[in-house]
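S.K.: Numbering that gives the first Met the number 0 applies: residue 0 is where the sequence shown begins, and numbers increase by one.
Where a beta carbon is used, it is the ideal one built from N, C-alpha and C, also for glycine.
I have a structure here, written as structure tokens, and I will follow up with some questions on it.
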Amino acid sequence: MKKHLILGIIIAGIFGTAVAQNAPWSRRVQAGLTPSTQFRLLSNVTPMPRSIYTEQVLKDSFRNSDKFQTAISGFVGVVFQRERDQAFSFSIGYQQWGFIRRKENKMFGYQPHPDLAIYSHLVDGPVQIMDYHFTQRYLTLDLQYLRRLDGVKLRIPDTELYGFVSAIPGILIQDKVRIKTRGFSLDQGTNVDVYDYTVELDAVDRPVINKVVNPAFNLFAAIGLRAEYALDEKIKLLAQPRFDLALLPNFNGTQQANSFRFSLDLGIVYPIP
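This is the structure in structure tokens:
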């Protein structure tokens, strides 16, 4: 954990040194919200002991049952710019990553989690849906390099257009699984917090439940476009569509997966005197 924090500080320091050289730089503060939809890239699966699933069957099952998850995150930061064609930005963010795994119908006799009771009701509605929300929340530092795209051949009234790439170290601050049901209720309710787990057999062939502990640090990368529309001489509206990817697997249970997300930063930009 300390090594990861030191790495993040070194990256930020190198980035900051590059910005500070050849001062003065113009500065502008930015803040906003980021609606997003996220999913995962499945790299490996591990069937549980005594399971009827092979690795390939389990992968196919997850591909059929896993769905996109939506969220809203937030950010605040500063943009540094000395030349027209390029800029740098630093933003502190709160980001959500995850996906949904869905089970539909055939609930009788099903145990949704080792900590929960087996569902023993024969009929409890015409449609029975159980969604497992795998959710992680990170505190992030978005280190962004921006390159101006508009110019002689591309002009948009009152708008500056950039392309950008980002390196984003992040610290995991919340990791949970929440079961949500529709059309029926578990004994514990329709929204139940649990955890991801794996199963192994001990020396006498008894199943042992292991709670999954995902990495406390990750590194994300992003690419996208940035448009700043001038409302007046100072205030600008920000719209920034982007694609983000976890470079290290951030879900490590029965599945090993890297999250990715499509999002749109929406905010306000204001110059710093």
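Could you compute how far the alpha carbon of Y269 sits from the alpha carbon of E232?
M.R.: Distance between the alpha carbons of Y269 and E232 is about 10 Å.
S.K.: Taking the alpha-carbon positions, what's the A166 to H120 distance?
M.R.: If you take the alpha carbons of A166 and H120, they lie about 50 Å apart.
S.K.: Going by DSSP in three states, V18 sits in which element: helix, strand or coil?
M.R.: Confidence at V18 is low in this model, with a pLDDT of 47, below 50, so its placement is unreliable and the value that follows should be read with caution. Here V18 sits in helix by DSSP.
S.K.: Using only the alpha-carbon positions, how far apart do K58 and Y194 sit?
M.R.: Computed Cα separation, rounded: 20 Å.
S.K.: Taking 9 Å as the CB-CB cut-off, is V77 touching chain D?
M.R.: In the structure shown, chain D does not exist; there is a single protein chain.
S.K.: Where does N43 fall in DSSP's three states?
M.R.: Residue state, collapsed to three classes: strand.
S.K.: Rank K102, K179 and T197 by C-alpha distance to the C-alpha of P113 and give the top, closest one.
M.R.: Minimum Cα distance to P113 is reached at T197.
S.K.: Confirm, please, whether the CB-CB distance from F219 to D243 is below 9 Å.
M.R.: The answer is yes: Cβ separation under 9 Å.
S.K.: With C-beta atoms as the reference, is A238 less than 9 Å away from D201?
M.R.: Against a cut-off of 9 Å, the Cβ pair of D201 and A238 comes out as no contact.
S.K.: Quick one, are the C-beta atoms of G188 and Q29 less than 9 Å apart?
M.R.: Not closer than 9 Å, so no.
S.K.: Report yes if the CB atom of P168 is closer than 9 Å to the CB atom of T134, and no otherwise.
M.R.: Not in contact: P168 and T134 (Cβ atoms no closer than 9 Å).
S.K.: On the criterion of 16 or more Cβ atoms from any shown chain inside 10 Å, does V78 qualify as buried, or is it exposed?
M.R.: V78 comes out buried.
S.K.: Could you give the distance in angstroms between the alpha-carbon of W96 and the alpha-carbon of G182?
M.R.: Between W96 and G182, the C-alpha separation is close to 27 Å.
S.K.: Suppose you measure from the CA of G92 to the CA of L236; what does that come to, to the nearest Å?
M.R.: Distance between the alpha carbons of G92 and L236: 18 Å.
S.K.: State whether the stretch 45-57 contacts the stretch 100-115, with contact taken as three or more CB pairs (one from each stretch) at a distance under 8 Å.
M.R.: No: fewer than three Cβ pairs fall under 8 Å.
S.K.: Can the beta-carbon of D84 be found less than 9 Å from the beta-carbon of R147?
M.R.: Their beta carbons are under 9 Å apart, which means D84 touches R147 by this criterion.
S.K.: If I measure Cβ to Cβ from L160 and keep anything under 6 Å in the same chain, skipping five residues before and after, which residues do I get?
M.R.: So the qualifying residues of the chain are L148, D149 and A226.
S.K.: May I have the straight-line CA-CA distance separating A245 from P214, to the nearest angstrom?
M.R.: Those two C-alpha atoms are separated by around 12 Å.
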